[in-house]
Amino acid sequence: MSDAPSRTEWHFELLGGRLCLDFANTVSGIRELDPRDRLQDYAGLVSWGRQAGAVGEAQARKLLAEARRRPADAEAVFREAIQLREATYRAFLAFAQDREPRPADLDVLNAALGRALSHRRIRRGGTCCALGWDEAPGALDAVLWPVAASAAELLVSGDDLSLVRVCGLFDSHECGWLFLDETKSHTRRWCSMKDCGNKAKARRHYQRVKGGAA
Ligand SMILES: [Zn+2]
Numbered sequence: 152m153s154d155a156p157s158r159t160e161w162h163f164e165l166l167g168g169r170l171c172l173d174f175a176n177t178v179s180g181i182r183e184l185d186p187r188d189r190l191q192d193y194a195g196l197v198s199w200g201r202q203a204g205a206v207g208e209a210q211a212r213k214l215l216a217e218a219r220r221r222p223a224d225a226e227a228v229f230r231e232a233i234q235l236r237e238a239t240y241r242a243f244l245a246f247a248q249d250r251e252p253r254p255a256d257l258d259v260l261n262a263a264l265g266r267a268l269s270h271r272r273i274r275r276g277g278t279c280c281a282l283g284w285d286e287a288p289g290a291l292d293a294v295l296w297p298v299a300a301s302a303a304e305l306l307v308s309g310d311d312l313s314l315v316r317v318c319g320l321f322d323s324h325e326c327g328w329l330f331l332d333e334t335k336s337h338t339r340r341w342c343s344m345k346d347c348g349n350k351a352k353a354r355r356h357y358q359r360v361k362g363g364a365a
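In this text, residue positions in the sequence shown follow our numbering: the first is 152, and each later residue adds one.
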């Protein structure tokens, strides 16, 4: 089936703990030094949205079909997505490092939030109602609505915002991923124990074996 996701699509790691942080983490490496951008085009954006749960399977297929009909519009939404992603990353990195976010980045988030909220809808569900999104046909930016809402919710959350961290390998210029430290002791240091945590552990071991020479 032509609308099926490509077999070669990137498998995104979703370790941030919030949708907006996972979106910010679609660049590996350090942005200023050796960025490895995992979002290359509109189809990649939809693929991320489907894997992260921002859109469902059926909606993802509709979005891809719509993008094939309107490639220039899809390209414009992709550029908007990258702008939102970078503003999101910089704003949360600033909070993780106890700095003030740039007003221009909050402006980008506010604009995205405004567009997203115009699509927010109350739906019947469960015992009463649930918040959802409308299904405006042709709305190529639907992937970005829950991202903008997630960023806004985290920014105004107070306690949760104070738990946003950047990976412990940031200072050694190896990883810039963001995550929410939801451990009881608030001592999570790595975006992933499997990758960055083990890398740091192996390095400490190596330095001990070498007598601490560095
Ligand atoms: Zn990391």
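Note that CB positions come from ideal geometry on N, CA and C, so glycine has one too.
8 Å Cβ shell around residue i - same chain, five flanking residues per side excluded
i      : result
ARG383 : Since the displayed the chain opens at 152 and closes at 365, residue 383 lies outside it and no answer follows.
GLU251 : ALA245
ALA255 : ALA238
GLU208 : ARG201
LEU282 : ARG271, ARG272, ILE273, ARG274
ARG241 : PRO252, ARG253, ASP256
When the options are compared against residue i, the one with the closest alpha-carbon
i      : options                        : result
LEU257 : ALA299, LYS350, ARG272         : ALA299
SER313 : ASN261, ARG359, LEU244         : LEU244
ARG220 : ARG169, HIS324, PRO288         : PRO288
ALA262 : GLU286, GLN234, ALA281, CYS280 : GLN234
TRP284 : SER198, GLN210, VAL360, GLU183 : GLN210
PHE229 : ASP311, GLN191, ARG266         : GLN191
LYS335 : PRO297, ASP311, ALA227         : ASP311
ARG266 : ASP249, CYS280, PRO297         : PRO297
C-beta atoms of residue i and residue j nearer than 8 Å
i      : j      : result
ALA353 : GLY319 : no
PHE163 : ARG236 : no
ALA232 : LEU268 : no
THR239 : CYS171 : yes
LEU260 : ALA223 : no
LEU264 : ALA203 : no
ARG189 : SER301 : no
Terminal residues of the beta strand (DSSP E) in which residue i lies
i      : result
ARG275 : 271-276
ALA281 : 279-284
ARG316 : 315-317
PHE330 : 329-331
6 Å CB neighbourhood of residue i in its chain, flanking five on each side removed
i      : result
GLY200 : VAL206, VAL294
ALA225 : TYR193, ALA218, LEU291
ASN176 : GLY167, TRP328
ARG187 : SER179, GLY180
GLU160 : SER198
CYS280 : ILE273
Cutoff 7 Å; reference residue i; Cβ partners in own chain excluding five residues on either side
i      : result
GLY362 : none
CYS326 : CYS318, LEU320, CYS342, CYS347
HIS324 : ILE181, LEU184
HIS337 : LEU314
Span of the alpha helix (DSSP H), counted from its first residue to its last, around residue i
i      : result
ILE233 : 222-247
GLY195 : 193-203
HIS356 : 349-360
ASP258 : 254-268
SER301 : 295-306
ALA173 : Correcting the residue type first, residue 173 is Asp in the shown sequence and not Ala. Here the alpha helix (DSSP H) through ASP173 covers 170-175.
Original post:
Is the region 257-273 touching the region 214-222 in the sense that three or more CB pairs, one from each, lie closer than 8 Å?
Top reply: no
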